[in-house]
Amino acid sequence: MSAVSPVLDRLDKNLDQSLERLFGLLRIKSISTDPAYAADCRKAAEWLVAELELIGFDASVRDTPGHPMVVAHHDGPAGSPHVLFYGHYDVQPVDPIELWESDPFAPAVKEVGPDHKVIVGRGSADDKGQLMTFVEACRAWKQVHGNLPCRITILFEGEEESGSPSLKPFLEANAGELKADFALVCDTGMLDRDTPSICVGLRGLVGDEITVKAADRDLHSGLYGGAAANPIRILARVLADIHDKDGHITIPGFYDGVEETPSQILKSWETLGETAETFLGPVGLSIPSGEKGRSVLELTWARPT
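Written out as structure tokens, the structure is:
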């Protein structure tokens with residue numbers, strides 16, 4: 309029997325208690341984008357520290373200019389690898405509240421189909437539910453084996469839903485403490501309920517600003533409309549020309565350094581059975597808008613936009 313099997317059995321045995329702990333975290337209104345919930349964000353951080361200390365972690369709340377970080381450490385066997393677990397305890401706002409069928413901060417298990425239950429509550433899928441899988445896995449492993457199999461550092465932030473403004477400065481200021489052999493990020497998804505997934509990459513974003521000027525002063529549309537160049541029309545044309553008819557980005561140099569996905573990886577993705585219809589259908593779409601000739605998985609997993 310592997311070392312993992314009895315831990316999985318313990319997780320099954322602990323499921324009811326694990327859900328109750330998760331519900332305790334889900335009840336905290338840790339909305340990072342609204343200053344009115346700053347105290348709730350700190351409450352969530354303190355709640356996590358208390359849970360991690362119960363498992364045996366050396367855990368603490370670390371202040372930042374925004375919402376606090378949670379940092380926790382646990383020793384492992386000599387010579388074992390050092391893994392960093394990352395997640396976030398903050399959640400998105402709940403507006404428009406009238407579209408909710410229940411209180412977003414009163415979590416509950418809901419049956420949505422035959423043998424298909426979901427946890428309804430803000431943060432259950434992003435990212436408190438995933439975050440607690442780290443915590444419960446560590447708890448169950450220690451209950452079975454008495455110690456963790458490797459050295460573990462946990463970093464939970466409270467500003468992911470507001471752009472993580474404190475994360476980079478915090479990482480730079482605490483690089484030595486947080487340095488690990490590898491990191492596991494729990495803020496990811498699964499292909500479906502029956503297909504285990506290991507996410508090896510995430511989409512990022514780059515922001516920029518465009519200013520379009522025409523006349524040297526503010527113009528009255530009643531006098532100049534129709535004759536003077538309108539910056540809105542110019543900007544609309546610029547935005548429309550960013551993509552060509554085949555979905556390629558037309559910005560010079562945009563694809564510099566972008567590698568083609570190896571054929572063996574593309575073939576492995578094909579075995580997952582995801583099509584434009586199965587991927588886009590649930591959101592009311594059917595035709596992908598990206599580069600023609602590429603699958604929806606390649607467009608979302610491997611191509612920049």
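If you want the numbering used here, it's the position in the sequence shown, counting the first as 1, plus 308.
Backbone N, C-alpha and C fix where the C-beta goes; we use that ideal spot for every residue, glycine too.
If you ignore the 5 residues before and after T558, its C-beta comes within less than 8 Å of the C-beta of D549, I550, H551, D552, all in its own chain and listed in chain order. Of the candidates L323, C349, R611, P477, the residue whose Cα lies closest to the Cα of F562 is R611. Segment contact: the region 348–355 against the region 442–456, fewer than three CB-CB distances shorter than 8 Å; contact not assigned.
For Y532, the uninterrupted alpha helix (DSSP H) segment begins and ends at 529–532. Each of W577, L327, I462 was checked against the Cα of E485, and the nearest Cα belongs to I462. Closest option to D398, judged by alpha-carbon separation, among V426, I363, K436: K436.
Three or more Cβ pairs closer than 8 Å define a contact, and the region 391–408 meets that threshold against the region 488–502.
In the three-state reduction of the DSSP assignment, L392 falls in the strand class, which pools E and B.
Residues of the same chain with a CB within less than 7 Å of the CB of S338, apart from the 5 flanking positions on each side, are Y345, D348, C349, A352, Y397, D398, V399, G466 in chain order.
Note on geometry: alpha-carbon atoms of D324 and M377 lie some 28 Å from one another. Under the criterion of beta carbons closer than 8 Å, S597 and G555 qualify as touching, at roughly 6 Å. Assignment of G581 by DSSP, reduced to helix, strand and coil, places it in the coil class. Look at the beta carbons and you see the region 378–386 touching the region 359–370: at least three pairs across the two are nearer than 8 Å. Cβ-Cβ separation between A522 and P539: approximately 5 Å, consistent with a contact (criterion under 8 Å). For R370, the pairing in a beta bridge is given by DSSP as M377.
The criterion of a C-beta distance shorter than 8 Å is not satisfied by F442 and G429. With respect to the C-alpha of L605, the residue from G509, I542, D526 having the closest C-alpha is G509.
For H453, the enclosing alpha helix (DSSP H) stretches over residues 436–453. For V514, the number of other beta carbons within 10 angstroms of its own is below 16, and it is reported as exposed.
Here S474 really is in contact with G374; their C-beta atoms are around 5 Å apart, less than 8 Å. Residues P412, R430 of the same chain have their beta carbon placed closer than 6 Å to that of V402, with the five preceding and five following residues left out of the count. Contact annotation: P415 and L334 have beta-carbon atoms nearer than 8 Å. Around the beta-carbon of Q438, 16 or more other beta-carbon atoms lie within 10 Å, marking it buried.
Counting other Cβ atoms within 10 Å of its Cβ, E468 reaches 16 or more and is therefore classed as buried. A buried status is given to E359, since no fewer than 16 other beta-carbon atoms sit within 10 Å of its beta-carbon. Within the same chain, H390, V391, L392, T461 come within 7 Å of A488 by CB-CB distance, once the 5 residues on both sides are set aside. In the structure shown, the three-state DSSP call for L593 is coil. Counting only the Cα atoms, T613 lies some 9 Å from E599. In the three-state scheme derived from DSSP, where H, G and I count as helix and E and B as strand, A353 is classed as helix. Taking C-beta atoms as the reference points, S571 and A584 fail to come closer than 8 Å. Shown here, G421 sits in a strand according to DSSP, grouped into three states.
Annotation for V493: the continuous beta strand (DSSP E) segment containing it runs 490–493.
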